[in-house]
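Let me begin by presenting the structure, written as structure tokens, before commenting on it.
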């Protein structure tokens, strides 16, 4: 079986859970708030920055070279949205403990097994490619987020999303991982989903306790 097909089959339930639990579910259903959304993307910004920096810092690594995709980098765009939406309050905001744990793991992986950074890039970047097609409408409809604060979702250099994602998947054929590294890769993909679920659930519990 193709390596990425096996990965997707193995993480299907986690993928579904990440899209349908915690704060993400609340946000999509229109039961959150603009302030809650701001805190959500504040935490996402830190995750994106860690992934992007780890990719760039390992740009000479053989397994990383094909995954240097600056067209998918979002941290600068999220920061721009945060500056518009949060203003001066941005300097006072604090990351969730689950986000801090995720960042620590990203930097640990970056030093010990750089090829595994690809798992974080894959889950986060590709998820947001698809999410970018649905979130802007919901954010303007439910939360009055102005269009000039939706830079996070603008992907001018992607072209056809389906074609881009298919080409991205083909990059995995060039990884040439040992069986040992394939096993670690499979485990780390699950870890990425678990971190995303934890962040979503923690934020939901923090902002909407008992609801």
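Numbering (the numbering used here), first residue to last: 4 to 214. All C-beta atoms, glycine included, are put in the ideal place defined by N, C-alpha and C. Being a predicted model, the structure only gives us computed values, none of them experimental.
- A distance below 9 Å separates the beta carbons of residue 44 and residue 84.
- Here residue 32 is exposed. Its C-beta has fewer than 16 other C-beta atoms within 10 Å.
- Classified as exposed, residue 133 has fewer than 16 neighbouring CB atoms from the shown chains inside 10 Å of its CB.
- Close CB contacts of residue 101 within its chain, under the 6 Å cut and outside five residues either way in sequence, are with 201, 202 and 205 (chain order).
- With a beta-carbon spacing of about 7 Å, residue 40 and residue 148 fall inside the 8 Å limit used to define contacts.
- Cβ atoms of residue 7 and residue 175 come within 8 Å of each other, at about 5 Å.
- C-alpha of residue 112 to C-alpha of residue 124: approximately 12 Å in a straight line.
- In this model, residue 185 and residue 179 are separated by some 9 Å (Cα to Cα).
- DSSP, reduced to helix, strand and coil, places residue 72 outside both helices and strands of the structure shown, so it counts as coil.
- In its chain, beyond the 5 residues on either side, no residue has a beta carbon closer than 6 Å to the beta carbon of residue 143.
- In the three-state reduction of the DSSP assignment, residue 66 falls in the coil class.
- Distances from the alpha-carbon of residue 152 to those of 109, 89, 69 and 164 put 89 closest.
- Taking a C-beta distance under 9 Å as the contact criterion, residue 27 and residue 36 do not qualify as a contact pair.
- Here residue 67 has 58, 61, 117, 118, 120 and 121 as same chain residues with Cβ atoms under 8 Å from its own Cβ, once five neighbours each way along the sequence are excluded.
- Taking the Cβ atoms as the reference, residue 196 lies roughly 6 Å from residue 14, within the contact range of under 8 Å.
- When 25, 213 and 194 are compared, the shortest CA-CA separation from residue 10 is found for 194.
- Boundaries for residue 136: no alpha helix (DSSP H) harbours it, and the DSSP string shows neither H nor E there.
- Residue 21 sits in a helix when the DSSP states are folded into three classes.
- It is roughly 15 Å from the alpha-carbon of residue 208 to the alpha-carbon of residue 38.
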